[in-house]
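Numbered per our numbering, the sequence shown spans residues 28 to 78. From the three backbone atoms N, C-alpha and C, an ideal C-beta is built for every residue, glycine too. Single-structure report; data block below.
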Amino acid sequence: MDSNEADPVSAAEGAEDSANSLLAALDARIASAVSRIDSETGLGVSFDARC
C-alpha cells in the first residue's frame with residue numbers, strides 16, 4: 028500500500044470509535060436531562076440507555 032493511501036481498516040475503526048464516543052455523550056446528556064426532569068417534577072422517571 029502506498030504510504031499516502033489511508034488504511035481502510037484503521038479508518039473504519041476510527042469511525043466506530045467516534046460513533047461510540049458520540050453515543051456515550053448523547054446517553055449521558057439524556058440521562059442528565061431525565062434526572063433533572065425527575066428532580067423538578069417528582070414523577071419518578073428514569074432513563075435506561077440499553078436498547
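- prompt: Helix, strand or coil: which one does DSSP assign to S73?
  reply: coil
Go through the region 31-76 residue by residue and report every complete run of the alpha helix (DSSP H) that reaches 4 residues or more, in order. Here the runs fully enclosed are 35-68.
Can you determine whether any heavy atom of the ligand SAM sits closer than 7 Å to the C-beta of N47, and answer yes or no? By its list of ligands, the structure shown contains no ligand whatsoever, and the ligand SAM lies outside what it can speak to.
Straight-line gap, M28 to V61 (C-alpha atoms, nearest Å):
In this prediction, M28 scores a pLDDT of 49, lower than 50, which makes its location untrustworthy; the coordinate-derived value is nonetheless stated afterwards. So the two alpha carbons sit approximately 49 Å from each other.
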